[in-house]
Amino acid sequence: MTTVHEPRTSPEVGGIGHSVRRKEDDRFIRGAGSYMDDLNLPGMLHMAILRSPVAHATINSIDSSAAMEIEGVLAVVTGEALAAHGLAWMPTLSGDTQAVLATDKVRFQGQEVAAVIATDPYIAHDALSHIDVDYEELEAITTPQQSLATSTLIRDEKEGQTDNVAYTWEAGEQDSTDAAFAAAARVVSLDTHYPRSHPAPLETCGVVADVNSITGQATIYMTSQAPHAIRTVFALVAGLPEEKIRIVTQDIGGGFGNKVPVYPGYVVATAASLLIGKPVKWIESRTENLISTGFARDFHMHAELALDGSNRITAMRAGILSDQGAFFSDAQPTQFRAGLFHICTGSYDFPAAHVTAKGAYTNKAPGGVAYRCSFRVTEASYLIERLVDNAAREVGMDPADFRALNFIREDQFPYLSPTGFVYDSGNYHGAMDKAKEMIGYDGWRDRQAEQNSDPDASKLIGIGVASFTEVVGAGPSRQYDILGLKMFDSAELRIHPTGKAILKLGVQTQGQGHETTFAQIVAEELGIPYSDIKVMYGDTDNTPYGLGTYASRSTPVGGAATAVVSRKIRAKAQKLAAHLLEAAEEDLDWEPGKFTVKGTDQSVTIQDVAFAAYTNHPVGMEAGLEGVTYYDPPNMTYPFGTYIVVVEVDTGDGTWKVLEMVAVDDCGVRINPMIVDGQIAGGLTEGFAKANMQWITFDDDGNCIGSNFMDYLVPTAWETPRYQLGETVTPSPHHPIGAKGVGESATVGSPAAFTNAVIDALWSRGVSNIDMPVLPHRVWGALNGVEVSP
Amino acid sequence: MQITVNINGASETRDVEPRRLLVDFIRSDAGLTGTHIGCDTSSCGACTVLLDGRPVKSCTVLAVQADGSEVKTVEGLAEGGELHPVQAAFKEHHGLQCGFCTPGMMLVGSALLEENPEPTDEEVRWAISGNICRCTGYMNIVTAIQAAGGEGS
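Those protein sequences? They're chains A and B, same order as listed. Under the working numbering, residue 790 is the last one in the first sequence; the count climbs by one each step, no gaps. Under the working numbering, residue 1153 is the last one in the second sequence; the count climbs by one each step, no gaps.
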């Protein structure tokens, strides 16, 4: 059923469906946010990290004596010093190990080699150039193909590692897939590379570690999307008692997956604070951020579709090779080595699929992270949406019609995919129809036919479609854990005597607006105005345990926990109301904020009830009005949508620009439509970025090209297209408020739409693939049949 | 060397190293942390302040170059407790998400509106093209700046 949610509450209460303005903005617009580098503690020292200038080398020696002579330098920490405390290596969130500070070898350019602790950040950075490291260079292995072919072992220190394979994985069923291909009327294939990218939030990573040498209390202020999990990892790695570790995140200046992993800088700063007994601050520079922390993607993909004689898809097979860099430091659920790549069968109904993936170690920065992406869904969605677009053109069908022919129909949900996932709900035809109508699809096709038919046309029109399906909200604890930590999430709600409330979350905002949205969920469930509800997160001493915010899991999991805990409180409130009204519980009607005795005008407000919980509760009932919920979702949620882009490609120079774009998203019930649209507009821009300009490259020696914002291009307002946003609403049937999550949809769905648009323009000129980013020289080369450099 | 910089109407006199960046002078010496650092290469604009009324990237200006000048930071945008129209418009039009680029964006926006109170979409986009936002996709930032202009900034 497709309906737009009408608010049940007044604008003052601000429950679900109200675009109330964000509570957090009041501090941000005054410059009163508190980001990591804004924190200064008394006696605080500053840390700078020395990084490897080469991609692969043996370390013969490190001499830090000259650095130690500089006034203001207190310590130079090396891998050897950390090894004495068992801290030279640490576990990654994907179950691999990663060097904290290099001991034996460096394995990527930018790897952490030593750290200077000084009284001033300028002095700490000065001292780096006075540390003398003797490197003996080794051959750099910079592609996964090279990595699998060579006998050089990148992870020679790792016990039991006999090759350069970081992981292998498969899903689906080979026999039935092979049989379907053997019987196919036509097979369509695509080879493409989803390039290495970096989330590059505007605030880099950082930490202020404050270990009290007398009490042993470690307060670690850290840019983390997952503070509770990090606390546990710190306890396990450093052997610190977990009750003495407190992780505090403060305001986070964007995350996008970059701030999920544990980085060496966090660990070294904490160790330094422990050893010296003073707070230590480390703030990453932009170059450090781009060359050493959480890159994303870098998937080399081959895929095929089998079609029958009536253009129905009958099977898919895909083989993936991912470049993991020197350490497998993704954050992947234990059972999902290639994340949720399963969703590569997309929005389409066919019975057979078989997918294999292999990750290779290389001498590049370790990773990767799921950049604004639910565990590899982005690569999967891109692959299938590129493939169906090419399939449509190969069989001479309109790409929108080909999709409509093959979509899972609305009456097929819940739908079991051939890789074993149960899609909870969807209406793919509805989103497609709306997107086509909004953009005037047929009109654009007519204009395209006219303009592109001229063989001398200098401008070609292309129309790109993508109908993505995501799988988000990890996840049900029987399947989803990170390092054994189950992926439930939590909410604790306390209603104060005056009817105001405090909500404490296990999830972690990085700009998504949780202080507003989560208050709106409580407002919806209890009728307490959203402005009366303080939302807390990001302080492990003062919030319930949760796995944090990434993979669009805040609303599906943390939002569900918030609704459920609110309902628990409402159940107790009803008992209190019955006591106050001298009526039976079952004789009370509820509307947001008020209990009324059926058939009368006798009522009490939630505020009256809250006061009574502390001043007039009945004998035999506990005082207070509060609760906590740990929500274990029964299934993932499956947001979807259709994006259509019209581009104009200049055949002379290969540039392309967006003439019009429509994005129709269905993320279930929208809690705050303004915030949802903001998430989508931001996500579309990151999708455009990857299709148009944004990638990290390396030369043959493993030097990172793209180590600053002059070389790693991210879009400014000038390049960024304008978007028209539309919606359909198909509530998740298993989520307490029917919401599905939206933070990543647009980044998942849009890269294929942009790329398909350019291919659509060039198809009649014989072009069937250009890898992202679709750079002008690549377009020009493809148009002119000229091999160009990457 | 000793310098005096007027920041948001208050005089700050300090001995600084010649190499000290203006952004560090503002953040660490004057203690005004609303000005952010995003890139170190004058690419992102998070550190934008107004130097004698003109937007500059304070990570690429030496503190000594600002000697005797007036600097306005985000903390100086509101006057007498009253929000600057650009500040109000950023909240009203959802022109910010994580808030890290916001001070720089608002200062550039306010400077643009001083010269051109009714800028077109293109004019706003050109003006803020030295400032990177990773969250919003810019649409609402452009709308907010235009709306602030419409309020007679």
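Think of the CB as a built atom: it goes at the ideal place given N, C-alpha and C, for glycine as much as any other residue.
> Fully enclosed by the segment 34-121 of chain A, which alpha helix (DSSP H) runs are 4 residues long or longer?
Replying inline: 65-68 and 79-83
>> I'd like to know whether the C-beta of residue 952 of chain B is nearer than 8 Å to at least one C-beta of chain A.
In response: Since the first residue of chain B shown is 1001 and the last is 1153, residue 952 of chain B is not available in this structure.
> Taking the C-alpha atoms as reference points, what is the distance between residue 59 of chain A and residue 774 of chain A?
Replying inline: Rounded to the nearest whole angstrom, the C-alpha separation of residue 59 of chain A and residue 774 of chain A is 40 Å.
> Taking just the CA atoms, how far does residue 767 of chain A sit from residue 365 of chain A?
Replying inline: 33 Å
>> Considering only DSSP beta bridges, list what residue 704 of chain A is partnered with.
In response: A:698
> In chain order, what residues of the segment 481-510 of chain A put their CB closer than 7 Å to some CB of chain B?
Replying inline: 510
>> Helix, strand or coil for residue 432 of chain A? Go by DSSP, reduced to three states.
In response: The DSSP-derived three-state label of residue 432 of chain A is helix.
> Using DSSP with H/G/I as helix, E/B as strand and the rest coil, what is residue 285 of chain A?
Replying inline: coil
> Between residue 2 of chain A and residue 113 of chain A, what straight-line distance do the alpha-carbon atoms span, to the nearest angstrom?
Replying inline: The predicted model places residue 2 of chain A with a pLDDT of 43, which falls under 50 and marks its position as unreliable, so this point remains unresolved.
>> Can you check which of these residues, A:479, A:537, A:708 and A:742, is closest to residue 505 of chain A by C-alpha distance?
In response: A:537
> From B:1015, B:1066 and B:1021, pick the residue whose C-alpha is nearest to that of residue 1060 of chain B; which is it?
Replying inline: B:1021
> Residues of chain A with a CB under 9 Å from the CB of residue 1022 of chain B: which are they?
Replying inline: Near residue 1022 of chain B there are no residues of chain A at all, since even the closest Cβ is about 14 Å away, more than 9 Å.
>> Rounded to the nearest angstrom, what separates residue 287 of chain A and residue 78 of chain A at their Cα positions?
In response: 21 Å
>> Looking at the secondary structure, which residues open and close the alpha helix (DSSP H) in which residue 231 of chain A lies?
In response: Segment 227-238, the alpha helix (DSSP H) holding residue 231 of chain A.
>> Bridge partners for residue 186 of chain A per DSSP, in chain order?
In response: A:307
> Residues of chain B with a CB under 7 Å from the CB of residue 37 of chain A: which are they?
Replying inline: Near residue 37 of chain A (Cβ distances below 7 Å), the residues of chain B are 1037.
> To which residues does DSSP link residue 219 of chain A through a beta bridge?
Replying inline: Residue 219 of chain A is bridged by DSSP to A:210 and A:246.
> Any idea what DSSP makes of residue 377 of chain A, helix, strand or coil?
Replying inline: helix
>> Just to confirm, is the Cβ distance from residue 462 of chain A to residue 758 of chain A under 8 Å?
In response: yes
> Any heavy atom of the ligand FAD closer than 7 Å to the Cβ of residue 1033 of chain B?
Replying inline: Absence of the ligand FAD from the depicted structure is noted, as is the absence of any ligand whatsoever, leaving it without description.
> Secondary structure at residue 1 of chain A, three-state DSSP: helix, strand or coil?
Replying inline: Residue confidence is low: residue 1 of chain A scores 40 on pLDDT, short of 50, so the model does not pin down where it sits. No coordinate-derived value is stated.
> Closer than 8 Å, CB to CB, is residue 1128 of chain B near chain A or not?
Replying inline: At least one chain A Cβ lies under 8 Å of residue 1128 of chain B.
> CB-CB under 8 Å to residue 1153 of chain B, same chain, minus the five flanking residues each way: which ones, in chain order?
Replying inline: At residue 1153 of chain B the pLDDT is 41, less than 50, meaning the model places this residue with poor confidence; the figure from the coordinates comes in the next sentence. The answer, listed in chain order, is 1084, 1085, 1086, 1110, 1113, 1114 and 1117.
> Between the segment 1136-1149 of chain B and the segment 671-688 of chain A, do three or more beta carbon pairs fall short of 8 Å?
Replying inline: The way I'd put it, the segment 1136-1149 of chain B does touch the segment 671-688 of chain A; three or more beta-carbon pairs between them come closer than 8 Å.
> Is it buried or exposed for residue 784 of chain A, if we count other Cβ within 10 angstroms and need 16 for buried?
Replying inline: exposed
> Under 8 Å, do residue 280 of chain A and residue 269 of chain A count as touching if we go by C-beta distance?
Replying inline: yes
>> Taking 8 Å as the threshold (beta carbon to beta carbon), is residue 1149 of chain B in contact with chain A?
In response: no
>> Closest to residue 554 of chain A by C-alpha separation, out of A:11, A:164 and A:743, would be which residue?
In response: Residue 554 of chain A has its Cα closest to that of A:743, out of A:11, A:164 and A:743.
>> Looking at the strands, I want to know which residues DSSP matches up with residue 135 of chain A.
In response: Residue 135 of chain A has A:59 as its beta-bridge partners, per DSSP.
> To the nearest angstrom, how far is it from the Cα of residue 378 of chain A to the Cα of residue 748 of chain A?
Replying inline: 4 Å
> At a Cβ cut of 8 Å, what residues of the segment 717-741 of chain A count as close to chain B, listed as they run along the chain?
Replying inline: 717, 718, 720, 722 and 723
> What does residue 660 of chain A pair with, by DSSP beta-bridge criteria?
Replying inline: A:646
> Identify the residues that DSSP records as bridge partners of residue 319 of chain A: which are they?
Replying inline: A:302 and A:356
>> Using a Cβ-Cβ distance cut-off of 8 Å, determine whether residue 1005 of chain B contacts chain A.
In response: no
> Among A:37, A:521 and A:202, which has the Cα closest to the Cα of residue 535 of chain A?
Replying inline: A:521
> Expressed to the nearest angstrom, what Euclidean distance is found between the alpha-carbon atoms of residue 623 of chain A and residue 232 of chain A?
Replying inline: 33 Å
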